[in-house]
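At position 42 of the sequence shown (counting the first as 1) the number is 46 in our numbering, and the numbers step up by one without a gap.
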Amino acid sequence: MYKVLIVDDEILDLMGLQQHIDWEELDMEIVSSANNGFVALEYLTKNHVDILVSDINMPIMTGLELAREALKHKSNLRIVFVSGYSEFQYAKQAITMNANGYVLKPIDDEELFLVLQSVKIELDKEIKIMDWEKNETINQLLNGQAVTLDLQKNQGLSVAVIEIDNTLLKPSPFIIEHQTVVLDDLQKLIVEMLLQEKIVYFCKSDSIRIVVILEDGAPAVRLNNLIKRINENQSWSVTIGLGNIVFDLKELPASYQDAKEALSYKMFHGKGIVIQTADIKNQTAQQTKKLDDVLESLFISLNNYQLVKVDEHMEDLFLLVKIFKDKYSVYAFMLHVISQLDFRLRNVNEDLFQILDLDFKKLDVLFHFETIVDIQWWLRSKMIELSEWLQQKKLTKNRKLIDDIQKYIMDKLEEELTLKDVAMFFSFSPNYLGHLFKEETGNNFSNFVIGKRMEHASRLLQAPSMKIYEVANRLGYKKLSSFNRQFKEQFGLTPSDYRKQG
Numbered sequence: 005m006y007k008v009l010i011v012d013d014e015i016l017d018l019m020g021l022q023q024h025i026d027w028e029e030l031d032m033e034i035v036s037s038a039n040n041g042f043v044a045l046e047y048l049t050k051n052h053v054d055i056l057v058s059d060i061n062m063p064i065m066t067g068l069e070l071a072r073e074a075l076k077h078k079s080n081l082r083i084v085f086v087s088g089y090s091e092f093q094y095a096k097q098a099i100t101m102n103a104n105g106y107v108l109k110p111i112d113d114e115e116l117f118l119v120l121q122s123v124k125i126e127l128d129k130e131i132k133i134m135d136w137e138k139n140e141t142i143n144q145l146l147n148g149q150a151v152t153l154d155l156q157k158n159q160g161l162s163v164a165v166i167e168i169d170n171t172l173l174k175p176s177p178f179i180i181e182h183q184t185v186v187l188d189d190l191q192k193l194i195v196e197m198l199l200q201e202k203i204v205y206f207c208k209s210d211s212i213r214i215v216v217i218l219e220d221g222a223p224a225v226r227l228n229n230l231i232k233r234i235n236e237n238q239s240w241s242v243t244i245g246l247g248n249i250v251f252d253l254k255e256l257p258a259s260y261q262d263a264k265e266a267l268s269y270k271m272f273h274g275k276g277i278v279i280q281t282a283d284i285k286n287q288t289a290q291q292t293k294k295l296d297d298v299l300e301s302l303f304i305s306l307n308n309y310q311l312v313k314v315d316e317h318m319e320d321l322f323l324l325v326k327i328f329k330d331k332y333s334v335y336a337f338m339l340h341v342i343s344q345l346d347f348r349l350r351n352v353n354e355d356l357f358q359i360l361d362l363d364f365k366k367l368d369v370l371f372h373f374e375t376i377v378d379i380q381w382w383l384r385s386k387m388i389e390l391s392e393w394l395q396q397k398k399l400t401k402n403r404k405l406i407d408d409i410q411k412y413i414m415d416k417l418e419e420e421l422t423l424k425d426v427a428m429f430f431s432f433s434p435n436y437l438g439h440l441f442k443e444e445t446g447n448n449f450s451n452f453v454i455g456k457r458m459e460h461a462s463r464l465l466q467a468p469s470m471k472i473y474e475v476a477n478r479l480g481y482k483k484l485s486s487f488n489r490q491f492k493e494q495f496g497l498t499p500s501d502y503r504k505q506g
């Protein structure tokens, strides 16, 4: 939901704004209200707000002055003014500030609702475009693809991964729905702080991580400032893994890997700090790297229902356990293993604890085992159960997804349609969706689309009033020769011969 702050020095007007608008239908919620500009500004500087609804004519600090100060802290804040004054000078000043609406008192609820609805549409569109473009471009860069970004390389570049701490240890009751809202709000706040620190290249990695590209030679100083600010305003904390400084865009993927590797040592170095690659001791680094490799391999085998390999990776995992000298270290290590598996599952929108009906806070069951072998057998049984659950859901989920994709294609046969378009609509990467489509249907995406278009063309050709070139144009073919060729490949006849035969 979009966060709304309402401000009016008239208490009755303030109550009216709260009660007479269906905020839930607008996908908005009033997170705070204030009867003067100073209180409102203080709230804005410490909390995430998407929309400010403010009276213009207030004592001491006017709504216009409040808006100007607020925009310094949040440049993309949406502003709707309400006022008992219809003079042009007020409206003119509101226009110069790019206000999203100007509603006169007494407020017409329907008019204000329509203004807020237009703000929501604008926010939805902006978020969809910005998130997609920024995430896509930065992800491509960090995965070694050639992209264009206006990065200043003179002082060096580095990648940092910001991770929200304690996502599994919040006090009960802490239901998943509430956790999702809290994490989303916290990520928005982190983004605002990044922008205030003049850090503009970042993308959301998952529900608890943000990846950042820094353009200066002293990144740790800026990141420590960020951690300090977050700790001052939130009951949550973040830990940041910082990669090495590089001077070429092609080397950024290596800095990104360094940052993720550094962050994985939080188990040993603590949380609420910046961890740099240089901080990592060789022995700890080697063990953690082995653990990451084993966990990644184990997760792949679990997800692919390869039970023999699951057993092999479990053996590798428990070879690492044997380096610990006391029961408490083994216990902490196993909690880390379980939380890391849950983290990987959350990246594919699954929840290990929900699947296995476990409670993270009650995993002291591990303490009751007398030997490492006992723990290994317990965890092995849970991993097999998990793999079987994932396999069953994948069979059901993939089939439904493919059915939805095929229906979507059938509805768009007369429009320009690419794998990238469909992947974006269903929120997948084109490569993954193309692979999944081929795996489930035995047919390439493009071949499937062409085949369905040709079937549609055959039906259109049955209408004698439509000329062949009109059918081709309707299906988006710019060249009649391409249409004729694909039609013949499908039916063994040219369109004209097909029509004659019919």
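Ideal placement from N, C-alpha and C gives every residue a C-beta, glycine not left out.
Everything numeric in this text was worked out from a predicted model, so none of it was measured.
Report buried or exposed for residue i, applying the criterion of at least 16 other Cβ atoms within 10 angstroms of its Cβ.
i	result
residue 243	buried
residue 16	exposed
residue 1	Because the chain is modelled from 5 through 506, residue 1 falls outside the range shown and cannot be assessed.
residue 125	exposed
residue 303	buried
residue 223	buried
residue 459	exposed
residue 317	buried
residue 32	buried
residue 59	buried
residue 19	exposed
residue 496	exposed
residue 489	exposed
residue 499	buried
residue 487	buried
residue 225	exposed
residue 41	buried
residue 371	exposed
residue 323	exposed
residue 72	exposed
Between the options, which lies nearest to residue i when the distance is taken from Cα to Cα?
i	options	result
residue 395	295, 307, 429 and 362	307
residue 45	31, 29 and 12	12
residue 140	275, 432 and 27	432
residue 429	189, 405 and 76	405
residue 202	219, 60 and 191	219
residue 257	73, 109, 145 and 22	145
residue 142	165, 229 and 300	165
residue 197	468, 159 and 53	53
residue 444	80, 193 and 407	407
residue 159	248, 43 and 169	248
residue 369	383, 418 and 150	383
residue 37	266, 7 and 30	7
residue 343	334, 356 and 113	356
residue 234	427, 51 and 438	51
residue 295	268, 313, 281 and 315	268
residue 568	87, 456 and 80	No answer is possible for residue 568: the residues shown for the chain start at 5 and end at 506.
Check whether the Cβ atoms of residue i and residue j sit closer than 8 Å, and answer yes or no.
i	j	result
residue 351	residue 210	yes
residue 518	residue 440	For residue 518 there is no data in the structure shown, the boundaries of the chain being 5 and 506.
residue 421	residue 413	yes
residue 360	residue 386	yes
residue 476	residue 465	no
residue 85	residue 103	yes
residue 9	residue 56	yes
residue 467	residue 491	no
residue 205	residue 155	yes
residue 168	residue 187	yes
residue 376	residue 326	yes
residue 24	residue 48	no
Return helix, strand or coil for residue i, following the three-state DSSP convention.
i	result
residue 494	helix
residue 344	helix
residue 34	strand
residue 49	helix
residue 265	helix
residue 211	coil
residue 377	helix
residue 509	Because the chain is modelled from 5 through 506, residue 509 falls outside the range shown and cannot be assessed.
residue 481	coil
residue 152	coil
residue 243	strand
residue 515	Residue 515 cannot be examined here, being either before or after the span of the chain that is shown, 5 to 506.
residue 474	helix
residue 469	coil
residue 309	coil
residue 17	helix
Give a yes or no on whether 8 Å exceeds the smallest Cβ distance from residue i to chain C.
i	result
residue 109	Although the question refers to chain C, the structure presented lacks it and comprises just one protein chain.
Ordered list of beta strand (DSSP E) runs contained in the region 105-129, each at least 3 residues: 105-108
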